[in-house]
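Encoded as structure tokens, the structure appears first; notes follow it.
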Amino acid sequence: MEIIALILIALSLTFDTFAISVSSGIAVSKISFRQAFIIASIFAIFQAGMPIIGWIIGYQINDFYINYNYFVAIILLTLIGLKMIWDAIRYQNRTKSFNPLKPIVMIGLAIATSIDALAVGFSFAFIQVNIMLATLIIGISTFLMAMTGMLFGKHLGNKIGKKAEIIGGLVLILLALKILWDKVL
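Numbering (this note's numbering), first residue to last: 293 to 477.
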């Protein structure tokens with residue numbers, strides 16, 4: 293898989309983290325750089341770790357599904373993209389009051405936003421991907437998006453968060469279509 297595709301996947305996975313980070317910046321109006329750094333690091337660790345776990349699981353069963361490998365990646369990326377769009381639209385009018393500085397909230401948010409990365413990692417096992425490079429790109433992208441989201445959250449407002457999730461979902465669907473075009477059609 294080309295590096296451009298990995299960067300696009302990484303960025304699409306970070307949009308939900310960005311949305312949560314913007315909300316965190318809004319919820320904690322006086323978030324310090326150190327606090328934002330810690331939260332961004334936790335998001336990045338989970339987001340980078342989940343694809344490895346998913347890849348290991350997918351790689352273990354890859355031999356059984358070798359004839360359908362691209363279809364699995366296409367289906368997973370499409371479903372994840374649709375779920376991101378659905379969640380953004382479904383929770384559009386909800387305002388969640390939370391404190392992202394609480395460790396349990398921080399870890400819960402990191403897990404919740406990295407579940408998509410687990411599924412993407414699973415799909416990586418069915419196509420040729422350098423998992424370490426993908427993990428590095430995903431981790432760095434997540435960290436940067438989380439820091440940006442938190443530090444600018446006060447200024448950007450709530451609406452950008454939902455738009456970012458929709459864009460992320462659309463990017464994943466477009467990548468699934470690219471795999472379909474390149475490998476199947």
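Glycine is no exception: its CB is placed at the ideal position from the N, C-alpha and C atoms.
Problem - Neighbour-count burial assignment, residue 420, 16 or more Cβ in a 10 Å radius - result: Position 128 of the sequence shown, counted from the start, is the residue given in the question as residue 420. So residue 420 ends up on the exposed side.
Problem - Nonlocal neighbours in the same chain, by C-beta distance under 7 Å from residue 331, ignoring five residues either side - result: For the purposes of this step, residue 331 is identified with residue 39 of the sequence shown, where counting begins at 1. Closer than 7 Å at Cβ, skipping near neighbours: 316, 392, 398, 438, 442.
Practice task
Take residue 300 and list the residues in its own chain whose beta-carbon comes closer than 7 Å to its own, dropping the five residues that flank it on each side.
Solution key: One-based indexing of the sequence shown puts residue 300 at position 8. Hits under 7 Å: 463, 467.
Practice task
Specify whether the region 335-349 and the region 402-412 touch according to this definition: at least 3 beta carbon pairs, one from each stretch, less than 8 Å apart.
Solution key: yes
Handout entry: Contacts around residue 388, its chain only, beta-carbon distance under 6 Å, and the 5 residues preceding and following it disregarded
Key = Locating residue 388 in the sequence shown gives position 96, where the first residue counts as 1. Residue confidence for residue 388 is low, a pLDDT of 49 falling below 50, so the modelled location carries little weight; the figure read from the coordinates is stated next. Excluding positions up to five away in sequence, the list is empty.
Practice task
Please state if the CB of residue 349 and the CB of residue 414 are separated by a distance shorter than 8 Å.
Solution key: As a first step, residue 414 is located in the sequence shown; it is residue number 122 there, counting from the start. As a first step, residue 349 is located in the sequence shown; it is residue number 57 there, counting from the start. In this structure, residue 349 lies closer than 8 Å to residue 414 by Cβ.
Problem - CA nearest to the CA of residue 298, picked from 475, 476, 428 - result: Stepping through the sequence shown from its first residue, residue 298 is reached at position 6. Of the listed residues, the one whose Cα sits closest to residue 298 is 428.
Exercise for the section: Could you work out which residue in 312, 343, 371 is closest to residue 402 when comparing CA atoms only? Expected result: The residue given as residue 402 occupies position 110 in the sequence shown. It is 312 whose Cα lies nearest to the Cα of residue 402.
Problem - Cβ separation of residue 373 and residue 461, assumed to be a contact under 8 Å, to the nearest whole Å - result: Reading the sequence shown from its first residue, position 81 is the one you call residue 373. Reading the sequence shown from its first residue, position 169 is the one you call residue 461. About 4 Å; that satisfies the 8 Å criterion.
Problem - Integer-rounded CB distance, given that residue 412 should sit under 8 Å from residue 305 - result: Along the sequence shown, one-based indexing puts residue 305 at 13. Along the sequence shown, one-based indexing puts residue 412 at 120. With a Cβ gap of about 6 Å, residue 305 and residue 412 count as contacting.
Practice task
Look up residue 335 in the DSSP assignment and say whether it is helix, strand or coil.
Solution key: By 1-based counting over the sequence shown, the position of residue 335 is 43. In the structure shown, residue 335 sits in a helix (DSSP, three-state: H, G or I).
Practice task
Could you tell me whether the Cβ atoms of residue 465 and residue 343 are closer together than 8 Å?
Solution key: Along the sequence shown, one-based indexing puts residue 465 at 173. Along the sequence shown, one-based indexing puts residue 343 at 51. No.
Problem - residue 476, buried or exposed, once every other Cβ within 10 Å from all chains shown has been counted against 16 - result: If you number the sequence shown from 1, residue 476 lands on position 184. With fewer than 16 Cβ atoms within 10 Å of its Cβ, residue 476 is classed as exposed.
Practice task
Using a threshold of 8 Å, state whether the C-beta atoms of residue 347 and residue 423 are closer than that.
Solution key: By one-based count along the sequence shown, residue 347 stands at place 55. By one-based count along the sequence shown, residue 423 stands at place 131. In this structure, residue 423 lies closer than 8 Å to residue 347 by Cβ.
Practice task
Evaluate residue 325 with the Cβ neighbour count: other Cβ atoms within 10 Å of its Cβ, from every protein chain shown; 16 or more gives buried, anything less gives exposed.
Solution key: Locating residue 325 in the sequence shown gives position 33, counting from the first residue. Label assigned to residue 325: exposed.
Handout entry: Coarse secondary structure for residue 397, derived from DSSP in three states
Key = Along the sequence shown, read from residue 1 onward, the residue named residue 397 stands at position 105. Residue state, collapsed to three classes: helix.
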